[in-house]
Amino acid sequence: MTKTFPADRIREALAAGHRVFGENRVQEAKAKWPALRLEFPDIELHLIGPLQSNKAAEAVALFDVIETVDRPKIAAALADEMARSGRRPRLLVQVNTGAEAQKAGVLPEDADAFIRDCRDRFGLAIDGLMCIPPADDPPAPHFALLSKLAARNALSVLSMGMSGDFDIAAGLGATHVRVGSALFGARPRDAVA
Ligand SMILES: *Cc1c(COP(=O)(O)O)cnc(C)c1O
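If you want it as structure tokens, here you go:
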């Protein structure tokens, strides 16, 4: 995760061979990544932050993977934009495993129906699931729940785990861990997804 880090810092990771990155804001990604992509065309950029439907066109244009599909309005906006542009970013559904009021994501009990809706109603291929467990909870039960929901829906991609718990997530089946501060140091300013 390179949110809040300037292009110069990101370029160091690119020079070291890293190619998969995440950002949590469309505007910030738009300011940093088009130029980096010209230098490194094989980058894979993930949107891992709240998405508003009025940003769907920009998100589809910028990102290779959108990890935060979580409601019909966004699914519909992405489907429209993907049809219009011909671009097909891969999509993950965000699950609010801790049912936190302030956090985005579909509730666990609604996940199966929402994934089905994405496929059948909006014609979207969903590749996997993403979660951000509550800060104060042990993360393992949340990762286990996400893993179970993915298996039940035949989804192969599991985005879970951050600097503090990526090892636990990897042990529970994560295919993508999202490491920010452990690689880049403390963020210049606080930016919570
Ligand atoms: C910032 C962020 C991360 C990385 O957090 P660290 O604790 O710095 O590794 C992971 N996931 C999401 C959604 C984020 O916004």
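With our numbering applied, the sequence shown closes on residue 207, and no number is skipped along the way. We put the beta carbon where it would ideally sit given N, CA and C, even for glycine.
Check for me: the alpha helix (DSSP H) holding residue i runs from which residue to which?
i    : result
V74  : 70-76
L197 : 195-198
G185 : 180-185
Pop quiz: residue i and residue j are said to be a contact at Cβ under 8 Å. What is the actual Cβ separation, rounded to whole angstroms?
i    : j    : result
S99  : V74  : 6 Å
S170 : D141 : 7 Å
D126 : R104 : Not a contact, Cβ separation roughly 20 Å.
H60  : G112 : Actually they do not touch by this definition, with Cβ atoms about 21 Å apart.
D93  : G137 : Going by the sequence as given, residue 93 is Ala instead of Asp. So it is a contact: roughly 6 Å between Cβ atoms.
T18  : R192 : Not really, about 14 Å apart at Cβ, beyond 8 Å.
S67  : I80  : In fact, because the Cβ distance is near 12 Å, the residues do not count as touching under 8 Å.
L106 : L143 : 6 Å
Per DSSP, which residues does residue i bridge with? Please list them.
i    : result
M96  : Note: M96 sits in no beta bridge, so no partner.
V109 : V120
R104 : V79
State the Cα-Cα distance for the pair residue i and residue j, rounded to the nearest angstrom.
i    : j    : result
R133 : A139 : 6 Å
L28  : L50  : 9 Å
G175 : V109 : 14 Å
E26  : R33  : 11 Å
K44  : L76  : 7 Å
P147 : L172 : 13 Å
R130 : V120 : 13 Å
I24  : I57  : 11 Å
A207 : N38  : Note that A207 scores a pLDDT of 46, beneath 50, so its modelled location is shaky; the value from the coordinates is reported in the next line. Their backbone Cα atoms lie some 6 Å apart in a straight line.
L159 : E42  : 31 Å
R150 : G36  : First, the residue type needs correcting, since residue 150 is Asp and not Arg in the sequence shown. Taking the straight line from one Cα to the other gives about 23 Å.
D181 : F198 : 18 Å
Locate the beta strand (DSSP E) running through residue i, then write down its first and last residues.
i    : result
V191 : Looking at the DSSP string, V191 is not in any beta strand (DSSP E), and its letter there is neither H nor E.
L172 : 171-173
In chain order, which continuous runs of the beta strand (DSSP E) of length 3 or greater are located wholly inside the segment 23-94? Listed in chain order, the complete beta strand (DSSP E) runs (minimum 3 residues) inside the segment 23-94 are 34-37, 58-61, 79-83.
>> If we require 3 or more residues per run, which beta strand (DSSP E) segments fall completely within the segment 131-158?
In response: When DSSP assignments are scanned along the segment 131-158, the uninterrupted stretches of beta strand (DSSP E) that are 3 or more residues long and fall wholly within it turn out to be 142-144.
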